[in-house]
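S.K.:
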Amino acid sequence: MDIGSPRALPFLRLSLRNQQFRPNRPNGGSYRYSPTMTIVHMVLFKFRPDVTQEHKDTFVRELKKLKDLDCVKGQRLVVGGPSITDPIERSKGFEIALLSFHENREALEAYQASKEHHRVTSTYMFPYKEDLIRFDFEVAPEDEYMWDFLPIQGLTRGLAKE
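Letter by letter, the sequence shown follows residues 1 to 162 of full-length UniProt numbering.
Written as structure tokens, this is what we have:
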């Protein structure tokens, strides 16, 4: 069954809800069961007041490149900002957020130790930061299915066929 076809949608929803399928890398296109616990890595960044918007934009562009590391699960790394929290004071001055997914603790450690991560943080973040918050956690087994995102591109392509 073509996972991009509209007929596959109910099957995929049921399968994902029952934790029977887990997407491989988006480029792979296949689905397989995986009992491992996903690690979610979150970071909030606050820059010193003298840091330019141009520097922050460069930092965001460089952070986004880290999604190509093999230790990032399914290339799931997103960077966002500025905060749209209302009232903005609740953001406590944090301007940029990063959320990434890793297969296990070893993959997160590999991400942190990579030369690419070191280059980005040592060049664009540490010399300019005012503050940083990092929080990592393991996804509970009963919540693993929630992290299985279907590629939008495949779904829209399948819907366009019929």
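Each residue gets a CB set at the ideal place from its N, CA and C atoms; glycine is no exception.
Residue 125 by DSSP, collapsed to three states: which one?
M.R.: Along the sequence shown, read from residue 1 onward, the residue named residue 125 stands at position 125. Helix at residue 125.
S.K.: Per the contact definition of three or more C-beta pairs closer than 8 Å, is the stretch 130-137 in contact with the stretch 55-68?
M.R.: No: fewer than three Cβ pairs fall under 8 Å.
S.K.: Taking the C-alpha atoms as reference points, what is the distance between residue 43 and residue 100?
M.R.: Numbered from its first residue, the sequence shown carries residue 43 at position 43. Numbered from its first residue, the sequence shown carries residue 100 at position 100. If you take the alpha carbons of residue 43 and residue 100, they lie about 9 Å apart.
S.K.: Using alpha carbons as the reference points, say which of 103, 94, 54 lies closest to residue 147.
M.R.: Residue 147 sits at position 147 when you count from the first residue of the sequence shown. It is 103 whose Cα lies nearest to the Cα of residue 147.
S.K.: Quick check on the DSSP output: the alpha helix (DSSP H) that includes residue 120 runs from which residue to which?
M.R.: The sequence position of residue 120 within the sequence shown is 120, counting from 1. Note, residue 120: alpha helix (DSSP H), 115-120.
S.K.: Flag this pair as yes or no: are the beta carbons of residue 79 and residue 51 separated by less than 8 Å?
M.R.: The residue you call residue 79 lines up with position 79 of the sequence shown. The residue you call residue 51 lines up with position 51 of the sequence shown. It is not a contact, given that the beta carbons lie outside the stated cut-off.
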